[in-house]
Amino acid sequence: MVPGDVRTGRQVVPPRGGLPTATQLLCSFQGTEFADHDLLSSAHALAALHARRAAMRDLRLVAEVDNRRRELVEDIDEWICERGSLPRDGMIHTETLGAVIDRMAWGWVYANEVIETDGARDQHARKRWHRLAELIDGYTELIGDIVGGRRRLPARV
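First residue of the sequence shown? That's 1226 in the numbering used here, and the numbers climb one at a time after it.
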C-alpha cells in the first residue's frame, strides 16, 4: 500500500533511493514496524527515546538517552550514505537527514504529550501540532528537493 500525503491525502509514491515519506515516518513514530527498513526502525527508536527522555529527571539517564539518540542519528546518516544514489549537486542543507528526523520525532512526541496533559482544544496543543505540521512539510519539501537535485545533504563527519 502506498501511503497518502499528510497535507493533501493523495497517494504518494515513495521517492527513489528508499527515502521514507513523511507519512511513513509518522507511522514509525507511532509504532508501526518496518522490519525491512533500517531507517524507519531507527526513527521509531528515536521517538521512543524522546518519550522516555521527557519523563526522566536523572541527568545521567538523560545523557545516556541523548548519547543513544546521537548514535541513531549517525545510523540514519550512514544508511543514507550507503545508498549512494542521492544527487551530489544542489544547495547544501544545513542538517543531516538524521538530525531532521530526530527533530521530527521530538515534535511528534511533544505534540502528543501536550494533548495527553492539556487536551486537544488547548492553545498550546494546537501550537505544538502546528509546529509538527511545519516539520512534516519541511521534510517533504527537503526530500523532494534532494531527489530533484536542488538540494543535497551535508557530508558525514
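Built from N, CA and C at the ideal position, the CB exists for glycine as well. In this text, all values refer to a predicted model and were calculated from it rather than measured experimentally.
Below 6 Å CB to CB, which residues in the same chain sit around residue i once its five sequence neighbours on both sides are set aside?
i	result
His1275	Ala1330, Trp1331 and Val1334
Arg1282	none
Arg1305	Looking at the sequence itself, residue 1305 is Ile, so the reference to Arg does not match. Excluding residues within five positions, the ones whose Cβ falls inside 6 Å are Leu1322.
If I measure Cβ to Cβ from residue i and keep anything under 7 Å in the same chain, skipping five residues before and after, which residues do I get?
i	result
Arg1313	Arg1377
Ser1267	Leu1297, Asp1300 and Ile1301
Asp1343	His1349 and Ala1350
Please report the Cβ distance between residue i and residue j, rounded to the nearest whole angstrom; I am assuming they are in contact, meaning their Cβ atoms lie under 8 Å.
i	j	result
Arg1277	Val1298	Contact doesn't hold; Cβ gap of about 16 Å is too wide.
Arg1353	Ala1336	4 Å
Phe1259	Leu1265	4 Å
So who's on the other strand from residue i, going by DSSP bridges?
i	result
Arg1351	Note: Arg1351 sits in no beta bridge, so no partner.
Arg1376	Met1316
Please determine, among the options, the residue with the shortest C-alpha to C-alpha distance to residue i.
i	options	result
Thr1321	Glu1303, Gly1344 and Asn1337	Glu1303
Gly1374	Gly1315, Gly1256 and Met1281	Gly1315
Leu1271	Asn1292, Glu1366, Leu1286 and Arg1282	Asn1292
Thr1248	Asp1347, Gly1344, His1349 and Ile1326	Ile1326
Asp1370	Arg1346, Glu1341 and Ile1317	Ile1317
Ala1324	Val1287, Ala1345 and Leu1360	Leu1360
Ala1273	Leu1286, Phe1254 and Arg1285	Phe1254
Would you identify the three-state DSSP class for residue i, choosing helix, strand or coil?
i	result
Met1329	helix
Gly1243	helix
Thr1257	coil
CB-CB under 8 Å to residue i, same chain, minus the five flanking residues each way: which ones, in chain order?
i	result
Ala1279	Val1334, Tyr1335 and Glu1338
Gly1256	His1269
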